[in-house]
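See structure below.
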Amino acid sequence: MKLLTLLALLFIPLSATAQENGVEIVKVRDGIHMLISPNGGNVTASTGEDGTFIVDDNLEGRGSILTDAIKGLNGQDIKFILNTHYHFDHTGTNETFGENGAIIVAHDNVRERLSTKQFISFFKKEMPALSKSGLPVVTFAEGLNLHYNGDDVQIIHLPNAHTDGDSAAFFKNQNVIVTGDTVFNGMYPFIDAEHGGSIKGTLAAHDTLIALADEGTAIIPGHGPLMNKADLQAYRDALAAITANIGAAIKDGKTLEETIAMKPSAKFDEKMGGGFITPEIFTSFLYKHLSR
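Counting from 1, position 259 in the sequence shown corresponds to residue 258 in numbering that gives the first Met the number 0; the numbering is continuous, with no gaps.
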């Protein structure tokens, strides 16, 4: 077994996972759980004496499923929600929880996007504006601190990475980082350049998160399984290497078709190429993005 894998097992002890209505519940720390659904982004739940605080809330129509899964942890209602960005698979049940009294927190740009109709060309999906109940009522430009459930939670606005409104949450006392969709563990990322995302910002966001982490930090990505610092560093280095390969091809005058044929991501495709962003899609995106 590789040393990094051993370190992961040593420094991030996981309890057995549980299932609730198709939602896999992973205990990350006492009072912090990661909820993984078949579709949609990961949800993080902090539970304790102050009530339940969640990071992101999955797809529209899954409010009752999430409620049942989260209430199964300690019977509490959800009091606070952090939206790490505006996408539908992380804000889809905002209205449901907002109508039940949850306070939604997000970056300024997230509220702005959720307040108006959006269209994501890659998914050919229109996102209608949310009603008042689904909009963040607390917004920030650079970050804020939440003192909750015995932890000091640092909410950080990241460089424009996945979108123009990305945030991460660092549970300092529990040593847990929630990355939002700046990280797609085990797969190539979707970068929403149409709405401010960039590969440069993605790598910068990773650098910010890596600087916060140590060998014992548990890292909850926007999609995919739990990570540690070494995993995130390897993920960041893979994206940087692919970006450099494609940048060199552009500099050499290669066309998009020639660059795809070169397979600039081949070294990483077995581990990261099985998601909805295929190696060809990722290469095409980076080529067009870097050519601008």
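Each residue gets a CB set at the ideal place from its N, CA and C atoms; glycine is no exception.
All values derive from a computational prediction rather than experimental measurement.
In the structure shown, Asp107 adopts helical secondary structure according to DSSP, grouped into three states. By the C-beta criterion, the region 83–94 is judged to be in contact with the region 54–65, since at least 3 inter-stretch pairs fall below 8 Å. DSSP, read as helix, strand or coil, puts Ala44 in strand.
Non-local beta-carbon contacts of Pro220 in its own chain, meaning distances under 7 Å to residues more than five positions away in sequence, involve Asn41, Thr178, Val182, Phe183, Asn184, Met226 in chain order.
By the CB criterion at 8 Å, Thr162 and Gly215 fall outside the cutoff. Scanning the region 79–160 for uninterrupted alpha helix (DSSP H) segments of 4 residues or longer gives 87–90, 93–98, 107–113, listed from N- to C-terminal end. With contacts defined by Cβ atoms closer than 8 Å, Gly133 and Leu113 form a contacting pair. Taking every protein chain shown into account, the CB of Val136 has fewer than 16 other CB atoms within 10 angstroms, so this residue is exposed.
Annotation for Ile218: the continuous beta strand (DSSP E) segment containing it runs 217–219. At a Cβ-Cβ threshold of 8 Å, Asp67 and Asn99 do not count as neighbours. For Met186, no alpha helix (DSSP H) segment is defined, and its DSSP state is neither H nor E. Proximity of the region 249–257 to the region 207–214 falls short of the contact definition, fewer than three beta-carbon pairs being nearer than 8 Å. Looking at the backbone, the Cα of Ile280 and that of Ile190 are separated by about 11 Å. Between the alpha carbons of Lys131 and Ala265 lies a distance of about 46 Å. Our two residues, Ala140 and Ala101, have alpha carbons roughly 21 Å apart in a direct line. Only residues of its own chain outside the window of five on either side were considered, and among them Phe183, Met186, Tyr187 have a CB closer than 7 Å to the CB of Gly274, listed in chain order. Secondary structure at Ile245: helix, using DSSP grouped into helix, strand and coil.
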